[in-house]
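**Student:** I am attaching a structure below and will ask some questions about it afterwards.
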Amino acid sequence: MTHDVRVRFAPSPTGHLHIGGARTAIYNWAFARRHGGTFVLRIDDTDPERSTEENTAAILRALRWLGLDWDEGPEAAGDYGPYFQTQRFDRYAAALQSLKDADAVYPCFCSAEKLAERRETARSAGGYVGYDRSCRAIPAADSAARVAAGEPRVWRVKVPEDRGDITFMDAIRGSMSFPSASMDDFVLVRTDGTPTYNFATVVDDADMAITHVVRGDDHLSNTPRQILVFEALGETIPAFAHLSMIWGADGKRLSKRHGAASVEAYRDEGYLPEALLNYLALLGWSLDDKTTVFDASTLVENFSLERVSKNPAIFDVDKLEWLNGVHIRTLSPSEFIERMLPWLEKEGLTDAADVEARRAWFEELAPLVSERIKRMDEVVDMVAFLFKDPIIMDESAREKVIMKEGAGRSLDAAVGILTHLETFDAASVEATLRAVPEQLRLKPKLVFQAVRVAVTGSTVSPPLFESIALLGKARTLARLHDAHIWATP
RNA sequence: GGCCCGUUCGUCUAGCGGCUAGGACAUCGCCCUCUCAAGGCGGAGAUCACGGGUUCGAAUCCCGUACGGGCUACCA
Numbered sequence: 000m001t002h003d004v005r006v007r008f009a010p011s012p013t014g015h016l017h018i019g020g021a022r023t024a025i026y027n028w029a030f031a032r033r034h035g036g037t038f039v040l041r042i043d044d045t046d047p048e049r050s051t052e053e054n055t056a057a058i059l060r061a062l063r064w065l066g067l068d069w070d071e072g073p074e075a076a077g078d079y080g081p082y083f084q085t086q087r088f089d090r091y092a093a094a095l096q097s098l099k100d101a102d103a104v105y106p107c108f109c110s111a112e113k114l115a116e117r118r119e120t121a122r123s124a125g126g127y128v129g130y131d132r133s134c135r136a137i138p139a140a141d142s143a144a145r146v147a148a149g150e151p152r153v154w155r156v157k158v159p160e161d162r163g164d165i166t167f168m169d170a171i172r173g174s175m176s177f178p179s180a181s182m183d184d185f186v187l188v189r190t191d192g193t194p195t196y197n198f199a200t201v202v203d204d205a206d207m208a209i210t211h212v213v214r215g216d217d218h219l220s221n222t223p224r225q226i227l228v229f230e231a232l233g234e235t236i237p238a239f240a241h242l243s244m245i246w247g248a249d250g251k252r253l254s255k256r257h258g259a260a261s262v263e264a265y266r267d268e269g270y271l272p273e274a275l276l277n278y279l280a281l282l283g284w285s286l287d288d289k290t291t292v293f294d295a296s297t298l299v300e301n302f303s304l305e306r307v308s309k310n311p312a313i314f315d316v317d318k319l320e321w322l323n324g325v326h327i328r329t330l331s332p333s334e335f336i337e338r339m340l341p342w343l344e345k346e347g348l349t350d351a352a353d354v355e356a357r358r359a360w361f362e363e364l365a366p367l368v369s370e371r372i373k374r375m376d377e378v379v380d381m382v383a384f385l386f387k388d389p390i391i392m393d394e395s396a397r398e399k400v401i402m403k404e405g406a407g408r409s410l411d412a413a414v415g416i417l418t419h420l421e422t423f424d425a426a427s428v429e430a431t432l433r434a435v436p437e438q439l440r441l442k443p444k445l446v447f448q449a450v451r452v453a454v455t456g457s458t459v460s461p462p463l464f465e466s467i468a469l470l471g472k473a474r475t476l477a478r479l480h481d482a483h484i485w486a487t488p
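Numbering (numbering that gives the first Met the number 0), first residue to last: 0 to 488.
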């Protein structure tokens with residue numbers, strides 16, 4: 000009896016797509032694609048207080064940005080919907096009914112306050128803090144009458160007395176075993192009739208024929224409870240795989256304090272989706288003993304739960320940044336231009352029409368820039384001098400370079416020699432300018448830095464001769480001339 | 001308190017009874033060089049949390065301990 004792999008990612012729209020959630024989604028997606036299975040996206044929005052449509056939209060957007068596509072779920076097809084838990088209440092009601100019929104649940108009339116009080120006493124006494132099952136002892140006829148009378152109650156599962164250890168095989172951690180005696184009769188349905196997480200999740204995973212539950216290990220201890228519900232429902236128990244957590248640099252839960260914690264925040268900081276995907280995939284999984292850089296298709300071809308590591312990982316922005324640089328450098332010039340454009344547009348430096356009009360010019364620029372940035376947001380500072388006139392010269396650069404002795408002569412010589420240059424390409428510009436230091440008997444470094452600061456406004460720029468060629472003769476000469484007034488001969 | 005999980009260079013990891021414990025990021029040095037990068041080469045960095053076992057032999061298997069984490073909610 001082999002059936003197709005069906006996995007799901009089930010975020011709660013209580014916030015944006017978190018880094019940890021993104022990794023869980025990536026692993027689920029990769030696992031589904033690897034096995035030719037189905038990737039289901041389900042929105043666990045049973046908490047009306049904190050769930051919003053904006054968050055749902057943001058999560059979908061972030062998943063798509065990462066390049067993850069789902070076969071079933073919001074804005075997709077699927078025969079197992081609806082894929083929002085708030086639209087599945089009739090399913091939970093039906094499941095509850097079948098549990099009642101099977102005598103697997105009972106109503107509990109204890110008030111939340113009373114329970115909290117009891118728990119507190121038990122805790123201070125150092126004893127068992129779970130529910131004491133007092134309502135389980137109420138005769139069926141009595142509780143039925145109280146339910147009929149409309150007395151507030153929750154529905155609790157009856158943990159079987161003789162259940163013994165609840166064991167299951169975790170695809171990542173191996174054999175897991177939990178004594179059922181340590182499990183209390185947890186709540187499935189609240190006073191207001193809504194299902195709790197451990198109930199809704201099981202009903203949905205069963206309904207949606209999920210074969211592998213791959214999720215964070217904060218749910219590891221919930222798994223035996225959920226297995227109890229699967230059993231009470233008479234449903235097939237899926238396979239489980241629990242991923243360890245991702246922590247911030249201080250070993251604490253990853254949050255805004257550690258910098259960006261959401262996928263879209265990284266997007267906004269200039270990270271490429273393929274780099275973030277690569278990094279996140281690597282944070283807790285390895286292809287082999289040496290492969291670090293790979294793309295989504297390589298991940299899909301090689302992904303396996305067996306190679307997911309058991310220990311928690313600390314999110315290392317430095318490595319992500321390096322990896323982002325690597326992915327930027329693999330972009331072709333035209334791809335790079337496409338990715339760069341939004342950043343330049345945002346600053347009002349250029350637009351799509353300009354790119355179309357000067358395609359060749361941009362193609363020459365692209366590799367000069369892509370080779371020296373790690374985040375896309377850096378393109379702005381790197382190329383602004385090519386788009387803005389006049390340039391704003393960096394003050395310390397002016398003092399340290401332009402006002403240095405010899406700078407004035409260098410600029411004058413450059414102007415003099417470039418004025419007569421007909422072919423203004425990088426090679427010609429270089430050949431021409433190389434003559435300046437020789438002629439003035441100055442160090443090449445001194446001459447070129449002076450020219451660089453005059454032309455780009457900064458001591459750091461793309462390669463000088465290429466930059467000058469891209470800038471063009473007229474603007475280059477004008478800038479050299481403008482800088483001259485500050486220069487020390 | 002109870003139940004459960006985890007622990008290899010600063011960080012991510014490889015390792016699944018016999019390795020000089022491998023790779024990557026970060027870091028340091030050198031080379032390249034018009035700046036910054038990129039790239040190349042090399043260095044330093046891990047008594048495999050600790051203590052007991054099992055074994056001819058343990059990072060690998062078993063048992064404790066410590067530390068970290070999760071669950072123990074009418075949150076998910």
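Yeah, the Cβ is synthetic: ideal placement off N, Cα and C, and Gly gets one too.
To test your reading of the DSSP string, which unbroken beta strand (DSSP E) runs of 3 or more residues are found completely within the segment 140 to 172?
**Tutor:** Here the runs fully enclosed are 153 to 156 and 164 to 169.
**Student:** Among the residues of its own chain, which have a CB less than 7 Å from the CB of Gln225, if the five just before and after it don't count?
**Tutor:** For this step, residue 225 is matched to residue 226 along the first sequence. Answer for Gln225: Asn197, Thr200 and Val201, listed in chain order.
**Student:** Using a Cβ distance threshold of 8 Å, determine whether the segment 205 to 212 contacts the segment 106 to 118, with at least three qualifying pairs required.
**Tutor:** The segment 205 to 212 is not in contact with the segment 106 to 118.
**Student:** Assuming the contact rule is C-beta atoms closer than 8 Å, Ile18 and Phe314 should be a hit. Round their C-beta distance to whole Å, please.
**Tutor:** Numbered from its first residue, the first sequence carries residue 18 at position 19. Numbered from its first residue, the first sequence carries residue 314 at position 315. That belief holds up - the Cβ atoms of Ile18 and Phe314 are roughly 6 Å apart, short of 8 Å.
**Student:** Based on Cα-Cα distance, which residue from Ser50, Phe38 and Lys99 lies nearest to Tyr79?
**Tutor:** Working through the first sequence from its first residue, we reach residue 79 at position 80. Comparing Cα positions, the closest option is Phe38.
**Student:** Among Asp100, Asp164 and His326, which residue has its Cα nearest to the Cα of Ser174?
**Tutor:** Numbered from 1 along the first sequence, position 175 holds the residue referred to as residue 174. Out of Asp100, Asp164 and His326, Asp164 has the C-alpha closest to the C-alpha of Ser174.
**Student:** Does the distance from the CB of Met375 to the CB of Arg338 come in under 8 Å?
**Tutor:** On the first sequence, position 376 is the one that residue 375 refers to. On the first sequence, position 339 is the one that residue 338 refers to. In contact: Met375 and Arg338 (Cβ atoms closer than 8 Å).
**Student:** Use the C-beta contact count for Met0: other C-beta atoms within 10 angstroms, 16 or more gives buried, fewer gives exposed.
**Tutor:** Here residue 0 is taken as the residue at index 1 of the first sequence, counted from 1. Bear in mind that a pLDDT of 41 at Met0, under 50, signals an unreliable position, so the number given afterwards is only what the model happens to contain. Exposed, because fewer than 16 other Cβ atoms sit within 10 Å of the Cβ of Met0.
**Student:** Any idea if Lys251 is buried or exposed, counting beta-carbon neighbours within 10 angstroms, 16 or more meaning buried?
**Tutor:** For the purposes of this step, residue 251 is taken as residue 252 along the first sequence, with counting starting at 1. Exposed: under 16 other Cβ atoms inside 10 Å.
**Student:** Taking all protein chains shown into account, decide if Pro341 is buried (16 or more other Cβ within 10 angstroms of its Cβ) or exposed.
**Tutor:** Mapped onto the first sequence, residue 341 falls at position 342. Counting Cβ neighbours within 10 Å, Pro341 comes out exposed, since fewer than 16 surround it.
**Student:** For the structure I just gave you, are there three or more beta carbon pairs, one from the segment 233 to 241 and one from the segment 211 to 220, closer than 8 Å?
**Tutor:** With the cut-off at 8 Å, the segment 233 to 241 and the segment 211 to 220 touch.
**Student:** What's the C-alpha gap between Leu479 and Asp411?
**Tutor:** The residue labelled residue 479 in the question sits at position 480 within the first sequence. The residue labelled residue 411 in the question sits at position 412 within the first sequence. Rounded to whole angstroms, Leu479 to Asp411 spans 8 Å at the Cα level.
**Student:** How close, in whole Å, do the beta carbons of Phe464 and Ala29 come, if the pair is a contact with beta carbons under 8 Å?
**Tutor:** Translated into the one-based positions of the first sequence, residue 464 becomes position 465. Translated into the one-based positions of the first sequence, residue 29 becomes position 30. Going by Cβ atoms, the distance from Phe464 to Ala29 rounds to 45 Å, so no, they are not a contact pair.
**Student:** So which of Ser142, Leu476 and Ala383 has the shortest CA-CA distance to Val153?
**Tutor:** The count along the first sequence starts at 1 and reaches residue 153 at position 154. Val153 has its Cα closest to that of Ser142, out of Ser142, Leu476 and Ala383.
**Student:** Mapping DSSP to helix, strand and coil, what is Met0?
**Tutor:** The count along the first sequence starts at 1 and reaches residue 0 at position 1. No answer about Met0 holds up, because its pLDDT of 41 lies below 50 and its placement is not dependable.
**Student:** How big is the Cα-Cα spacing for Glu104 and Ala115?
**Tutor:** As a working note, residue 104 is residue 105 in the first sequence. As a working note, residue 115 is residue 116 in the first sequence. The residue asked about is misnamed: residue 104 is Val in this sequence, not Glu. So the two alpha carbons sit approximately 21 Å from each other.
**Student:** Less than 8 Å between C-beta atoms, sequence neighbours within five positions excluded: which residues of the same chain meet that for Glu273?
**Tutor:** Position 274 of the first sequence, counted from the start, is the residue given in the question as residue 273. These residues qualify, in order along the chain: Gly66, Asp294, Ala295 and His326.
**Student:** Pull up the distance between the alpha-carbon of Leu219 and that of Ser50, whole angstroms please.
**Tutor:** Here residue 219 refers to the residue found at position 220 when the first sequence is read from its first residue. Here residue 50 refers to the residue found at position 51 when the first sequence is read from its first residue. So the two alpha carbons sit approximately 24 Å from each other.
**Student:** Can you find at least 3 beta carbon pairs, one from the segment 71 to 87 and one from the segment 120 to 131, that sit closer than 8 Å?
**Tutor:** No: the two stretches stay apart, fewer than three of their Cβ pairs being nearer than 8 Å.
**Student:** If you draw a straight line from the C-alpha of Ala139 to the C-alpha of Gly149, how long is it?
**Tutor:** Along the first sequence, one-based indexing puts residue 139 at 140. Along the first sequence, one-based indexing puts residue 149 at 150. Each residue's Cα considered, the two are about 15 Å apart.
**Student:** CB Pro332 to CB Pro366, shorter than 8 Å?
**Tutor:** Residue numbering aside, residue 332 sits at position 333 when the first sequence is read from its first letter. Residue numbering aside, residue 366 sits at position 367 when the first sequence is read from its first letter. Contact: yes.
**Student:** Where does Trp360 sit, in a helix, a strand or coil, going by DSSP?
**Tutor:** The residue given as residue 360 occupies position 361 in the first sequence. Three-state result, Trp360: helix.
**Student:** Tell me Met175's beta-bridge partners as DSSP assigns them.
**Tutor:** One-based indexing of the first sequence puts residue 175 at position 176. Answer is Phe167, bridged to Met175.
**Student:** With a threshold of 16 other CB atoms inside 10 Å of the CB of Met182, please say whether the residue is buried or exposed.
**Tutor:** As a position in the first sequence, residue 182 is number 183, starting the count at 1. Met182 comes out buried.
**Student:** For a test of the three-state rule: what should DSSP assign to Val242, helix, strand or coil?
**Tutor:** Mapped onto the first sequence, residue 242 falls at position 243. The displayed chain sequence assigns Leu, not Val, to residue 242. Three-state result, Leu242: strand.
**Student:** Mind checking whether Leu330 and Leu385 have CB atoms under 8 Å apart?
**Tutor:** Here residue 330 refers to the residue found at position 331 of the first sequence. Here residue 385 refers to the residue found at position 386 of the first sequence. Taking 8 Å as the Cβ cut-off, Leu330 and Leu385 do not qualify as a contacting pair.
**Student:** Who are the near neighbours of Arg90 in its chain, counting only those whose CB is closer than 8 Å to its CB and skipping five residues on each side?
**Tutor:** The sequence position of residue 90 within the first sequence is 91, counting from 1. Excluding sequence neighbours, Arg90 sits near Val202, Asp203 and Asp206.
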